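Encoded as structure tokens, the structure appears first; notes follow it.
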Amino acid sequence: MQPVIDATVYIVDDDTGVREALAWLLRSRRLPCQSFESGEAFLAHIAHGLSDQPACLLLDVRMPGMSGLTLFDHLVERGLHQSMPVIFLTGHADVPTAVDAVKRGAFDFCEKPFSDNALVDRIETALSQSSALADERLAVKRLRSRLEELTERERDVMRLVVDGLPNKRIADQLDISVRTVEVHRARVFDKMEVKSAVELANMLRKM
Numbered sequence: 006m007q008p009v010i011d012a013t014v015y016i017v018d019d020d021t022g023v024r025e026a027l028a029w030l031l032r033s034r035r036l037p038c039q040s041f042e043s044g045e046a047f048l049a050h051i052a053h054g055l056s057d058q059p060a061c062l063l064l065d066v067r068m069p070g071m072s073g074l075t076l077f078d079h080l081v082e083r084g085l086h087q088s089m090p091v092i093f094l095t096g097h098a099d100v101p102t103a104v105d106a107v108k109r110g111a112f113d114f115c116e117k118p119f120s121d122n123a124l125v126d127r128i129e130t131a132l133s134q135s136s137a138l139a140d141e142r143l144a145v146k147r148l149r150s151r152l153e154e155l156t157e158r159e160r161d162v163m164r165l166v167v168d169g170l171p172n173k174r175i176a177d178q179l180d181i182s183v184r185t186v187e188v189h190r191a192r193v194f195d196k197m198e199v200k201s202a203v204e205l206a207n208m209l210r211k212m
């Protein structure tokens, strides 16, 4: 699997040696990373939100102060665990806890000591998932931008077109001429960058 371009792997672990080893591993695989010594430091870093770039989080389960599980709960509350998949780093005793976290939405866990190749494989898979979600968010953002370009009358016509009504019935419902419906319909298709009512309906379902 090819590394995801313009992605970031966040490392949150209180052990300096672990952070440095992971950072070296990721750099050797051309995966940009940022390290944090505590959950509190990471939350402060993302206090104003994350970028739209793909990302994943390597998170130690046991840390002084805010534990990895508590940090994960904060991310779940903000809905960030989906756009930024979380991979827990855990010792043998914490495996049941990590499994429970996966059931609650964590991407995966790796038991220490872990295989470098296996860990990088999971990271790249997590980044691919994050990238796919980023693409979906961008598509929705572009779709909303196109919708904002429609006039109120064009929106009225669009809703009826999506409902499958022919031009004559749309004209009757809106009390306008069929020719006017045809003009608005053409403008809607042009602004929304579609060629058919079916394509338009499928696009709007993504909202």
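Residue numbers for the sequence shown follow my numbering, beginning at 6 and rising by one.
All C-beta atoms in this analysis are idealised placements derived from N, C-alpha and C, irrespective of residue type, glycine included.
Remember, predicted model here, so these are calculated numbers, not experimental data.
Check: With burial defined as no fewer than 16 other Cβ atoms inside 10 Å of the residue's Cβ, what is the status of residue 104: buried or exposed?
Finding: In the sequence shown, the residue the question calls residue 104 occupies position 99. Residue environment: residue 104 is assigned as exposed (fewer than 16 neighbouring CB atoms within 10 Å of its CB, all protein chains considered).
Note to self: Output needed for residue 81: all residues of its chain with C-beta closer than 8 Å, excluding positions within five of it in sequence on either side, in chain order.
What the structure shows: The count along the sequence shown starts at 1 and reaches residue 81 at position 76. Counting only Cβ-Cβ distances below 8 Å, and skipping sequence neighbours, we find 109, 110.
Item checked: Top-ranked residue by Cα proximity to residue 301, from 15, 32, 42 -> This structure cannot settle anything about residue 301, because the visible part of the chain is limited to 6 through 212.
Note to self: Using C-beta distances below 7 Å, list every residue in its chain close to residue 131, excluding the 5 sequence neighbours before and after it, in chain order.
What the structure shows: Here residue 131 refers to the residue found at position 126 when the sequence shown is read from its first residue. A distance below 7 Å between beta-carbons, with the five flanking residues on each side excluded, links residue 131 to the following residues of its chain, in chain order: 61, 90, 92, 112.
Next item on the list: Name, in chain order, the residues that DSSP records as bridge partners for residue 132.
Entry: Along the sequence shown, one-based indexing puts residue 132 at 127. According to DSSP, residue 132 bridges with nothing at all.
Notebook entry, point to check: How should residue 213 be labelled, buried or exposed, when 16 other C-beta atoms within 10 angstroms of its C-beta is the threshold for buried?
Noted result: With the chain running from 6 to 212 in the structure shown, residue 213 is simply not present.
Check: With C-beta atoms as the reference, is residue 162 less than 8 Å away from residue 186?
Finding: By one-based count along the sequence shown, residue 162 stands at place 157. By one-based count along the sequence shown, residue 186 stands at place 181. Yes, the Cβ-Cβ distance between residue 162 and residue 186 is below 8 Å.
Notebook entry, point to check: According to DSSP, is residue 12 helix, strand or coil?
Noted result: Numbered from its first residue, the sequence shown carries residue 12 at position 7. It is coil, neither helix nor strand.
Next item on the list: Going by DSSP, name the residue or residues bridged to residue 41.
Entry: Taking the first residue of the sequence shown as 1, we reach residue 41 at position 36. Note: residue 41 is bridge-paired with 17 in the DSSP secondary-structure output.
Notebook entry, point to check: According to the neighbour-count rule (16 or more other Cβ atoms, all chains shown, within 10 Å of its Cβ), is residue 12 buried or exposed?
Noted result: Residue mapping note: residue 12 aligns to position 7 of the sequence shown, counting from 1. Classification of residue 12: buried, given that the 10 Å Cβ count is 16 or more.
Checklist line | Stretch-stretch touch, CB-based, cutoff 8 Å, three pairs: the segment 179 to 199 with the segment 151 to 160 | finding: Touching, yes, given that three or more Cβ pairs across the two stretches are closer than 8 Å.
Margin query: Residues in the same chain with beta-carbon distance under 8 Å from residue 87, minus the five sequence neighbours each way, listed in chain order, please.
Written below: The residue given as residue 87 occupies position 82 in the sequence shown. Answer for residue 87: 110, 138, listed in chain order.
Next item on the list: Go through its chain and collect everything with a Cβ distance to residue 57's Cβ below 6 Å, but skip five positions before and after it.
Entry: Mapped onto the sequence shown, residue 57 falls at position 52. Cβ within range, chain order: 139.
Next item on the list: For residue 141, write down the residues that DSSP places opposite it in a beta bridge.
Entry: Taking the sequence shown and counting its residues from 1, the one referred to as residue 141 is at position 136. Beta-bridge pairing links residue 141 to no other residue.
Next item on the list: Go ahead and label residue 127 buried or exposed: buried means 16 or more other beta carbons lie within 10 angstroms of its beta carbon, across all protein chains shown.
Entry: Counting from 1 along the sequence shown, the entry for residue 127 is found at position 122. With 16 or more other Cβ atoms inside 10 Å of its own Cβ, residue 127 counts as buried.
Checklist line | Where residue 102 falls: helix, strand or coil (DSSP) | finding: Position 97 of the sequence shown, counting from 1, holds the residue named residue 102. Reduced to three states, the DSSP call for residue 102 is helix.
Margin query: Let me make sure I understand the geometry here. Which of 94, 142, 136 has the alpha-carbon closest to that of residue 123?
Written below: For the purposes of this step, residue 123 is taken as residue 118 along the sequence shown, with counting starting at 1. The shortest C-alpha separation from residue 123 is found at 94.
Note to self: Can you tell me whether residue 112 is helix, strand or coil according to DSSP?
What the structure shows: Taking the sequence shown and counting its residues from 1, one reaches residue 112 at position 107. In this structure, residue 112 counts as coil in the three-state DSSP scheme.
Checklist line | residue 75, enclosing alpha helix (DSSP H) - first and last residue | finding: The sequence position of residue 75 within the sequence shown is 70, counting from 1. Unbroken alpha helix (DSSP H) run through residue 75: 73 to 82.
Notebook entry, point to check: With which residues is residue 91 paired in a DSSP beta bridge?
Noted result: The residue labelled residue 91 in the question sits at position 86 within the sequence shown. Residue pairing from DSSP places residue 91 in a beta bridge opposite 62.
Check: Going by beta carbon distance, what residues of the same chain come within less than 8 Å of residue 135, once the five residues before and after it are set aside?
Finding: Against the sequence shown, residue 135 aligns to sequence position 130. Same-chain partners within the cutoff: 9, 12, 59, 60, 61, 88, 89, 90.
Next item on the list: Determine the extent of the alpha helix (DSSP H) in which residue 163 is found, giving its start and end residues.
Entry: For the purposes of this step, residue 163 is taken as the residue at position 158 of the sequence shown. In this chain, the alpha helix (DSSP H) harbouring residue 163 covers 157 to 167.
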